[in-house]
Amino acid sequence: MQHGIKMNETVTYDFTNQTYASIMAEDWPSMFTYPNCHGFPKAPTDHYGSPLALRPIKSGEEVWQDFNTHFYKGECQEHYHKLMDFVDKFLDEYKGFSKFALVWLSKIAHDSANGLYRTDKHFSKFFRKNVDNLNNSFLFIMSDHGLRFGGLRRTDTGYNEDNNPLLMIAVPQYLRSNQQLILNLKRNSRRHTSQYDIYATLYDIARYAKEESFQKWDEHDFSEELGKVRGGIRARSLLRPIQYDRTCEEMEIPDQYCICEKQWHMIDIHDENVMKAAQFIVNAINNFLKQKGAGEKCEILHLKEVISAEYIEEQPLLKVVVSASPSDGRYETQLLKNAESFEIPGKTFATVSEESKEDIYCSGVNVAMD
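Under full-length UniProt numbering, the final residue of the sequence shown carries the number 370; numbering is consecutive throughout.
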């Protein structure tokens, strides 16, 4: 039996459980339940944009076209325009109140970086208009990962950006003179951090720092307060001192997505071990789809080509990129070689195709491949 996400385990809980007015707006309704969570048992915030995002997906073509006519009223707009209008009205309506807003826009640039540029003026206008509303706010501008499709992803820069996405933090204007806070942020900007740290950071703002009137920013481990599910061993606030560069293992980041530099060496793609590893990857993907209940709905993948292969001398670690048919998908995977076979740490396969082929070969099946 499927159950909804536990409300007290979400990033919204520590704000909605207090006196904050709250809003969540997203253009991809399954973003916060991806890949296989059932969803929220009730609206997680006072104002919830998911029904607005779901309408064009769940409606038939005729209903959707009729909805479009009345929704956009002939205006040359995209979905994000309406969502940001929603947020704009929220900020105006709750002037003088404590507010929490979670806005996540995936469709603008998830499959192509070009989408970012056409939105620049709109977001510049939004932030300039709301400068007074946001002056007393902690503002996070971030992504969960970089571009994962196309030629750019297959470059060294694309690889690094995929695993090291944008994270910008602006603190309330009155706190910009707090030397301890600003020093912490500057030092942490050079530490090994990740978006995983945002959870403890938001908890810090909602609970711990608030108790100190946002004036004291000493080191603090939030593991005990947040527990294993909400914080685990990675419970560090970006607003407080992080004393050393943590390892990916400490931060619970799989090797596949670890940005710590390794000394990779190219290896012949026709090498016997490489070919075995490539076939192992394709078999693992097929088995993964079966385990997710998608075996009968997806085409069986077959190894088409080994694109590249690298290894690390110090440890039996391979990084192999393969293409598979009939999807023509490209998959990048790291493997540990043992005496008999291979192991994929974290059971992760990064898709680095020109585009995602899931909709074609796994229609209607929700599987986490990237």
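Every residue gets a Cβ at the ideal spot worked out from N, C-alpha and C, and that includes glycine. From a predicted model like this one, the values you see are computed outputs, not experimental measurements.
First through last residue of the alpha helix (DSSP H) which encompasses residue i
{"i": "residue 131", "result": "131-134"}
{"i": "residue 324", "result": "Element bounds for residue 324: not the alpha helix (DSSP H) but the beta strand (DSSP E), 317-325."}
{"i": "residue 198", "result": "197-203"}
{"i": "residue 117", "result": "Segment: none, residue 117 is in no alpha helix (DSSP H) and carries neither H nor E."}
{"i": "residue 82", "result": "79-93"}
{"i": "residue 212", "result": "Per DSSP, residue 212 belongs to no alpha helix (DSSP H) and is neither H nor E."}
{"i": "residue 291", "result": "272-291"}
Endpoints, beta strand (DSSP E) assigned at residue i
{"i": "residue 309", "result": "302-312"}
{"i": "residue 333", "result": "329-337"}
{"i": "residue 170", "result": "167-170"}
{"i": "residue 142", "result": "139-142"}
{"i": "residue 229", "result": "From DSSP, residue 229 is part of no beta strand (DSSP E) but of the alpha helix (DSSP H) over 223-230."}
{"i": "residue 371", "result": "In the structure as shown, the chain starts at 1 and stops at 370, and residue 371 therefore has no counterpart that could be examined."}
{"i": "residue 21", "result": "21-26"}
Residue closest to residue i, alpha-carbon to alpha-carbon, out of the options
{"i": "residue 27", "options": "114, 307, 132, 105", "result": "105"}
{"i": "residue 302", "options": "182, 328, 188, 259", "result": "328"}
{"i": "residue 215", "options": "343, 205, 221", "result": "205"}
{"i": "residue 23", "options": "75, 6, 33, 92", "result": "92"}
{"i": "residue 295", "options": "305, 304, 306, 283", "result": "283"}
{"i": "residue 96", "options": "125, 137, 121", "result": "137"}
{"i": "residue 87", "options": "46, 190, 297", "result": "46"}
{"i": "residue 263", "options": "211, 251, 319, 126", "result": "319"}
Pairwise C-alpha distance: residue j and residue i
{"i": "residue 228", "j": "residue 9", "result": "11 Å"}
{"i": "residue 278", "j": "residue 166", "result": "32 Å"}
{"i": "residue 339", "j": "residue 37", "result": "37 Å"}
{"i": "residue 335", "j": "residue 155", "result": "20 Å"}
{"i": "residue 313", "j": "residue 259", "result": "18 Å"}
{"i": "residue 290", "j": "residue 32", "result": "24 Å"}
{"i": "residue 129", "j": "residue 286", "result": "50 Å"}
{"i": "residue 99", "j": "residue 139", "result": "12 Å"}
{"i": "residue 309", "j": "residue 271", "result": "9 Å"}
{"i": "residue 162", "j": "residue 149", "result": "10 Å"}
{"i": "residue 232", "j": "residue 249", "result": "12 Å"}
Own chain, CB closer than 6 Å to residue i, minus 5 neighbours either side, in chain order
{"i": "residue 147", "result": "113, 153"}
{"i": "residue 94", "result": "21"}
{"i": "residue 50", "result": "29"}
{"i": "residue 223", "result": "231, 235"}
{"i": "residue 168", "result": "141"}
{"i": "residue 343", "result": "336"}
{"i": "residue 380", "result": "Outside the displayed range of the chain (1 to 370) lies residue 380, so it cannot be described from this structure."}
Any non-hydrogen atom of the ligand GDP within 7 Å of residue i CB
{"i": "residue 88", "result": "Looking at this structure, you won't find the ligand GDP or any other ligand, since it has none at all."}
Whole-angstrom C-beta distance between residue j and residue i, which should lie under 8 Å
{"i": "residue 178", "j": "residue 239", "result": "Rounded, the Cβ-Cβ distance is 10 Å, inconsistent with contact."}
{"i": "residue 275", "j": "residue 321", "result": "About 13 Å; that fails the 8 Å criterion."}
8 Å CB neighbourhood of residue i in its chain, flanking five on each side removed
{"i": "residue 14", "result": "202, 203, 206, 207"}
Neighbourhood of residue i by C-beta, 7 Å cutoff - its chain only, sequence neighbours within 5 removed
{"i": "residue 42", "result": "none"}
{"i": "residue 221", "result": "235"}
{"i": "residue 266", "result": "310"}
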